[in-house]
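Report on the structure given below.
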Amino acid sequence: MLKISRVSRTKEEASQNYDRLSRLYDLFASSEKKFTDFGLEMLAVQSGESVLEIGFGTGHALLKLARAAHPAIVNGIDISKKMRIVAERKLRRAGLKNAIRLKTGDAAKLPYDNFQFDAIFISFTLELFDTPEMPFVLQECYRVLKPGGRLGVVALKKECRAIHVYEWFHEKMPTFVDCRPIYAKESIEDVGFQITKNKKMTMWGLPVDILLAKK
Numbered sequence: 030m031l032k033i034s035r036v037s038r039t040k041e042e043a044s045q046n047y048d049r050l051s052r053l054y055d056l057f058a059s060s061e062k063k064f065t066d067f068g069l070e071m072l073a074v075q076s077g078e079s080v081l082e083i084g085f086g087t088g089h090a091l092l093k094l095a096r097a098a099h100p101a102i103v104n105g106i107d108i109s110k111k112m113r114i115v116a117e118r119k120l121r122r123a124g125l126k127n128a129i130r131l132k133t134g135d136a137a138k139l140p141y142d143n144f145q146f147d148a149i150f151i152s153f154t155l156e157l158f159d160t161p162e163m164p165f166v167l168q169e170c171y172r173v174l175k176p177g178g179r180l181g182v183v184a185l186k187k188e189c190r191a192i193h194v195y196e197w198f199h200e201k202m203p204t205f206v207d208c209r210p211i212y213a214k215e216s217i218e219d220v221g222f223q224i225t226k227n228k229k230m231t232m233w234g235l236p237v238d239i240l241l242a243k244k
């Protein structure tokens, strides 16, 4: 079994931390947007498709998903209530409030029916879950996707020497550096998905996997 760092903070602590960061999160996460956009391009949502975003944050990807999927309604789930409020405000300003249905909740127990979605998008979120829980999150994705449905994932990749330094900060400051590099491709394949596209990029010297998988 491939070894990755554990997540020591609780989900309640994660929720509280992202609540605190919600107003300024777009500044902190500005460097991630380029990679998220590549992931959205790879997922290639089409008009009328049913879509779910896990870990929508302040709604950067939701805006693009809503426009791509129109007239279908895009669903989203995030652990932070205040992130949801910020995202809803952003979507309202863009005239897309009625195109989105958002929930505050836990992606390890998705509140959606079997075979409900054509596509799921997860950007810099899968690595926030503790190691034993990641398979449950991905199994839930598999459950709610329609046969032939697509899963798009953007995640830090555990690959190079620079990662060891990043992991040290994650271990010492788990509240502030709460995501850590993972083996996303292998984890996705382990629950039964087929990887159809895999683009590797670099963010501040850290490797990033941009993956498209099919159920």
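Just so you know, we're using this note's numbering here: the sequence shown kicks off at 30 and counts up by one. A virtual CB, placed ideally from N, CA and C, is assigned to each residue, including glycine. Note that the coordinates shown come from a computational prediction; the quantities given were computed from them, not determined experimentally.
Nonlocal neighbours in the same chain, by C-beta distance under 7 Å from residue i, ignoring five residues either side
i	result
leucine 155	Met163, Val166, Val182, Ala184, Ile211, Ala213
glutamate 78	Ala98, Ala101, Asp147, Ala148
asparagine 227	Lys214, Asp238, Leu240
lysine 175	Phe144, Phe146, Asp147
Three-state class that DSSP yields for residue i in the structure shown
i	result
serine 152	strand
asparagine 127	helix
glutamine 145	coil
aspartate 48	helix
valine 115	helix
threonine 87	coil
alanine 73	coil
valine 36	coil
leucine 120	helix
lysine 228	strand
arginine 172	helix
aspartate 66	helix
lysine 138	helix
methionine 163	helix
lysine 243	strand
lysine 110	helix
leucine 53	coil
glutamate 215	helix
alanine 98	helix
glutamate 82	strand
CA-to-CA distance, residue j to residue i, given in whole angstroms
i	j	result
asparagine 127	lysine 32	43 Å
serine 109	glutamine 223	30 Å
leucine 235	isoleucine 83	22 Å
valine 206	isoleucine 239	Confidence in valine 206 is poor, its pLDDT being 49 and thus under 50, which makes the residue's placement too unreliable to answer from.
glycine 177	methionine 71	16 Å
alanine 97	leucine 125	12 Å
isoleucine 280	arginine 130	Residue 280 lies beyond the range of the chain shown here (30 to 244); nothing can be said about it.
lysine 186	glutamate 218	15 Å
alanine 95	glutamine 75	10 Å
valine 220	tryptophan 233	30 Å
glutamate 42	arginine 49	11 Å
Exposed unless 16 or more other CB atoms sit within 10 angstroms - verdict on residue i
i	result
alanine 73	exposed
threonine 231	exposed
glutamate 169	buried
lysine 63	exposed
asparagine 104	buried
arginine 179	buried
lysine 229	exposed
leucine 53	exposed
serine 216	buried
Cutoff 6 Å; reference residue i; Cβ partners in own chain excluding five residues on either side
i	result
tyrosine 47	Ser109, Met112
threonine 225	Leu241, Lys243
alanine 137	Glu162, Phe165, Val166
serine 44	Ile108, Ser109
lysine 132	Ile106
Residues near residue i in its chain [Cβ-Cβ closer than 8 Å; skip 5 each side]
i	result
valine 173	Leu81, Leu139, Tyr141, Asp142, Asn143, Phe144, Gln145, Phe146, Ile149
threonine 65	His89, Ala90, Ser152, Phe153, Val183
lysine 93	Asp66, Leu69
glutamate 188	Pro210, Pro236
arginine 35	Asp159, Thr160
serine 60	Met232, Trp233
Taking one C-beta from the segment 141-157 and one from the segment 115-122 each time, how about it: are there three or more such pairs within less than 8 Å? no
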